[in-house]
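Visitor: Using this note's numbering, you'd call the opening residue of the sequence shown number 161 and step up by one each time.
Glycine included, each C-beta is placed from N, C-alpha and C at the ideal position.
Note that this is a predicted model, so its numbers are computed, not measured.
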Amino acid sequence: MEKRCGFLFSVRVEDHVVVPDLDHSNIENPHEFIEDYTSHLANTPMDMSRPLWEVHVLNIKTSNAESFGIGKFHHSLGDGMSLMSLLYASSRKISDPDAFPTTATTRKHVEYKNLWWLVARFWFIILVFFTTFAEMCKFLVTLCYMRDTKTPLVGKFGEKIHSRKVIHRIISFEDVKLVKNTMKMKVNDVLLGMTQAGLSKYLSKRYDDEIPMAGNTKQILDKTRLRGTVAVNLRPATKIEDLANMMTKGSKCRWGNFIGVVVFPLWIRCEDDPLEYVRRAKATMDTKKISMEPLISYGIVKLIMRIFGEKVVEAIAKRMFGHTTMTFSNVLGPNEDISFFNHPLCYIAASALFGPHALIIHYVSYVDKLIINLAVDTAVIPDPHLLCDDLVESLNIIKLAALEKGLHKMEFGFY
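(1) State the Cα-Cα distance for the pair residue 391 and residue 310, rounded to the nearest angstrom.
(2) Taking residue 197 as the reference, give the member of 207, 176, 258 and 229 with the closest Cα.
(3) Might you give, ordered along the chain, the residues of its own chain that have their beta carbon closer than 8 Å to the beta carbon of residue 227, omitting 5 neighbours on each side?
(4) Go ahead and label residue 428 buried or exposed: buried means 16 or more other beta carbons lie within 10 angstroms of its beta carbon, across all protein chains shown.
(5) Using a Cβ-Cβ cut-off of 6 Å (strictly less than) and excluding sequence neighbours within five positions of residue 352, which residues of its own chain qualify?
(6) Which residues in the same chain as residue 195 place their Cβ atom closer than 6 Å to its Cβ, once the five residues preceding and following it in sequence are excluded?
(7) Starting from residue 331, trace the alpha helix (DSSP H) in both directions and tell me its first and last residue.
(8) Are the CB atoms of residue 313 and residue 445 within a distance shorter than 8 Å?
(9) Could you check the C-alpha separation between residue 563 and residue 341 for me, to the nearest Å?
(10) What are the complete alpha helix (DSSP H) segments, minimum 4 residues, inside the region 194-242?
(11) Quick check on the burial criterion: 16 or more other C-beta atoms within 10 angstroms. Buried or exposed for residue 324?
(12) Assign residue 368 to one of three DSSP states: helix, strand, or coil.
(13) What does residue 503 pair with, by DSSP beta-bridge criteria?
(14) Under three-state DSSP, which class holds residue 425?
(15) DSSP has residue 488 in a bridge; who is on the other side?
(16) Taking contact to mean at least 3 C-beta pairs separated by less than 8 Å, is the region 199-213 in contact with the region 171-178?
(17) Leaving aside the five residues before and after residue 538 along the sequence, list all residues of the same chain whose C-beta is less than 6 Å from its C-beta, in chain order.
(18) Taking 8 Å as the limit between beta carbons, can you name the residues of its chain near residue 259, skipping five residues before and five after?
(19) Can we say the region 281-288 touches the region 522-536, given the rule of at least three CB pairs closer than 8 Å?
(20) According to DSSP, what are the bridge partners of residue 535?
(21) Quick one: is residue 362 buried, meaning 16 or more other Cβ sit within 10 Å of its Cβ, or exposed?
(22) Could you round the C-beta distance between residue 552 and residue 331 to whole angstroms and report it? I think they count as a contact, below 8 Å.
(23) Go ahead and label residue 304 buried or exposed: buried means 16 or more other beta carbons lie within 10 angstroms of its beta carbon, across all protein chains shown.
(24) Hey, how far is the Cα of residue 550 from the Cα of residue 243?
(25) Following the continuous beta strand (DSSP E) through residue 252, name the residue where it begins and the one where it ends.
(26) Would residue 238 be called buried (16 or more neighbouring beta carbons within 10 Å of its own) or exposed?
(27) Using 8 Å as the threshold, is the region 476-485 in touch with the region 381-391, meaning 3 or more CB pairs across them?
(28) Looking at the structure shown, is residue 383 part of a helix, part of a strand, or coil, going by DSSP?
(29) Put residue 177 into one of helix, strand or coil per three-state DSSP.
(30) Buried or exposed for residue 299, going by 16 or more other Cβ atoms inside 10 Å?
(31) Should residue 509 be listed as close to the ligand COA, given that the test is whether its C-beta is under 7 Å from any heavy atom?
(32) Does DSSP put residue 131 in a helix, a strand or coil?
(33) Which one of 507, 434, 232 and 365 has the shortest CA to CA distance from residue 223?
(34) Below 8 Å between beta carbons: does that hold for residue 533 and residue 510?
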């Protein structure tokens with residue numbers, strides 16, 4: 161029994177922590193069983209009469225882990241950063257059981273406030289203003305009428321999700337870092353480039369199989385407009401200590417839903433140079449970084465919520481997601497192995513299942529691993545494993561191209 165703000169809350173652990181009795185003799189493929197179990201949870205509505213969270217503990221062994229813990233949380237409890245703070249607060253380093261996990265930190269560059277610094281700062285403010293204006297115009301046009309091209313990744317507008325399938329794949333995070341360092345870019349740039357290449361490859365196969373006589377696949381892809389919605393964390397501080405203390409009074413990080421939405425155009429083409437997908441991703445990301453689109457979109461939603469209520473906000477959200485193709489996000493996880501209540505973690509897979517999108521892609525890093533998590537509408541995308549294969553293959557092709565570029569530079573410098 162717990163008392164908060166004058167109200168009494170009774171929490172029964174058995175209502176929230178589920179340990180199913182598994183018949184291991186009938187489980188031929190543990191990986192497929194985990195996918196089916198997770199997909200069943202994704203398609204089962206939560207009981208709104210009790211606190212909106214549950215954890216399932218599955219004593220089943222796969223090639224990646226000895227057992228599984230699957231958490232299901234309603235989005236009203238908080239956004240991804242809030243929920244990650246719970247994991248950080250409950251986790252410790254395996255190498256130091258008393259210390260919080262660590263993640264990569266952003267380096268701050270020293271700036272010298274001279275005349276040229278003032279000129280550069282003034283020009284940057286002008287650039288931010290005009291970029292924000294242009295991006296918000298695109299945002300409003302998308303909200304009003306502009307939809308993505310009808311592709312095999314898009315369901316019918318206004319149609320509800322039939323059945324979600326949730327799968328994940330673990331690959332080497334070092335491959336992503338190799339491309340990042342060779343191309344002198346950020347991890348997000350590489351992941352978005354990999355996504356663009358993978359979706360282009362997948363769509364090419366679908367068009368070749370479904371409409372082989374409709375025309376040249378390359379020409380079809382060149383005319384394709386495909387965009388994703390990207391959630392952006394708006395908190396000013398995201399250090400582990402701040403996240404772990406998110407619920408304490410005076411914390412720099414606020415609990416709840418504090419995210420903005422960015423409409424991100426994806427480069428869907430048949431490129432001869434695989435590195436072009438990464439370059440395009442970086443160019444678009446650089447534009448988005450200096451835009452205040454996520455902060456303004458968050459402010460607009462809060463204002464509409466306060467004036468007109470949540471039904472109007474829900475209608476606007478459905479329209480925005482209905483006019484775009486997919487949802488994308490990337491979360492940077494711990495840099496070293498951690499334990500969750502003294503249980504060592506092998507990897508972390510996460511996804512946010514909301515909106516009418518038939519495709520949701522989430523990337524989560526954990527030490528030297530990158531976990532690709534796909535959630536798809538099986539009525540639209542019946543072969544999510546093929547799509548995941550295309551994403552992984554695209555990263556391998558990009559990595560080989562980056563290696564060739566790096567070797568070419570070394571040879572050129574040697575001679």
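Guide: If we stick to the structure as given:
(1) On the sequence shown, position 231 is the one that residue 391 refers to. On the sequence shown, position 150 is the one that residue 310 refers to. Rounded to the nearest angstrom, the two C-alpha atoms are 23 Å apart.
(2) Here residue 197 refers to the residue found at position 37 of the sequence shown. The option with the nearest alpha carbon to residue 197 is 229.
(3) Indexing the sequence shown from 1 puts residue 227 at position 67. Hits under 8 Å: 217, 218, 219, 220 and 221.
(4) Numbered from 1 along the sequence shown, position 268 holds the residue referred to as residue 428. By the neighbour-count definition (other C-beta atoms within 10 Å, threshold 16), residue 428 is a buried residue.
(5) Locating residue 352 in the sequence shown gives position 192, counting from the first residue. Cβ within range, chain order: 441.
(6) Mapped onto the sequence shown, residue 195 falls at position 35. Cβ within range, chain order: 327.
(7) In the sequence shown, residue 331 corresponds to position 171, counting from 1. No alpha helix (DSSP H) holds residue 331; the beta strand (DSSP E) holding it covers 324-332.
(8) Along the sequence shown, read from residue 1 onward, the residue named residue 445 stands at position 285. Along the sequence shown, read from residue 1 onward, the residue named residue 313 stands at position 153. Residue 445 places its beta carbon 8 Å or farther from that of residue 313.
(9) The residue given as residue 563 occupies position 403 in the sequence shown. The residue given as residue 341 occupies position 181 in the sequence shown. Approximately 11 Å, taken between the alpha carbons.
(10) Within the region 194-242, no complete alpha helix (DSSP H) run reaches 4 residues.
(11) To locate residue 324, count along the sequence shown from 1; it is residue 164. That one is buried.
(12) Position 208 of the sequence shown, counted from the first residue, corresponds to residue 368. Under the three-state reduction of DSSP output, residue 368 falls in the helix class.
(13) Residue mapping note: residue 503 aligns to position 343 of the sequence shown, counting from 1. Note: residue 503 sits in a beta bridge opposite 500.
(14) Here residue 425 corresponds to residue number 265 of the sequence shown, with the count starting at 1. It is a strand residue.
(15) Taking the sequence shown and counting its residues from 1, one reaches residue 488 at position 328. Beta-bridge pairing links residue 488 to 390 and 521.
(16) Inter-segment contact for the region 199-213 and the region 171-178 is present: three or more beta-carbon pairs are separated by less than 8 Å.
(17) The residue given as residue 538 occupies position 378 in the sequence shown. Excluding sequence neighbours, residue 538 sits near 323 and 325.
(18) Position 99 of the sequence shown, counting from 1, holds the residue named residue 259. Once the five neighbours on either side are set aside, the close Cβ partners of residue 259 are 252 and 253.
(19) The region 281-288 is not in contact with the region 522-536.
(20) Counted from its first residue, the sequence shown places residue 535 at position 375. According to DSSP, residue 535 bridges with 326 and 520.
(21) For the purposes of this step, residue 362 is taken as the residue at position 202 of the sequence shown. It counts as buried.
(22) Along the sequence shown, read from residue 1 onward, the residue named residue 552 stands at position 392. Along the sequence shown, read from residue 1 onward, the residue named residue 331 stands at position 171. Their Cβ separation, rounded to whole angstroms, is 6 Å, which keeps residue 552 and residue 331 in contact under 8 Å.
(23) On the sequence shown, residue 304 is found 144 positions in, with the first residue counted as 1. Exposed: under 16 other Cβ atoms inside 10 Å.
(24) For the purposes of this step, residue 550 is identified with residue 390 of the sequence shown, where counting begins at 1. For the purposes of this step, residue 243 is identified with residue 83 of the sequence shown, where counting begins at 1. Computed Cα separation, rounded: 30 Å.
(25) Counting from one through the sequence shown, the residue named residue 252 turns up at place 92. Where residue 252 is concerned, the enclosing beta strand (DSSP E) stretches over 251-253.
(26) What you label residue 238 is simply residue 78 of the sequence shown in a count that begins at 1. So residue 238 counts as buried.
(27) Cβ pair count under 8 Å is three or more, so yes.
(28) Sequence index remark: in the sequence shown, residue 383 carries index 223 (1-based). Shown here, residue 383 sits in coil according to DSSP, grouped into three states, outside any helix or strand.
(29) Mapped onto the sequence shown, residue 177 falls at position 17. If DSSP states are grouped into helix, strand and coil, residue 177 belongs with the strands.
(30) Residue mapping note: residue 299 aligns to position 139 of the sequence shown, counting from 1. Label assigned to residue 299: buried.
(31) As far as ligands go, the structure on display features none, and thus does not contain the ligand COA.
(32) In the structure displayed, the chain extends from 161 to 575; residue 131 sits before or after that span and is not available.
(33) What you label residue 223 is simply residue 63 of the sequence shown in a count that begins at 1. It is 507 whose Cα lies nearest to the Cα of residue 223.
(34) One-based indexing of the sequence shown puts residue 533 at position 373. One-based indexing of the sequence shown puts residue 510 at position 350. It is a contact, given that the beta carbons lie within the stated cut-off.
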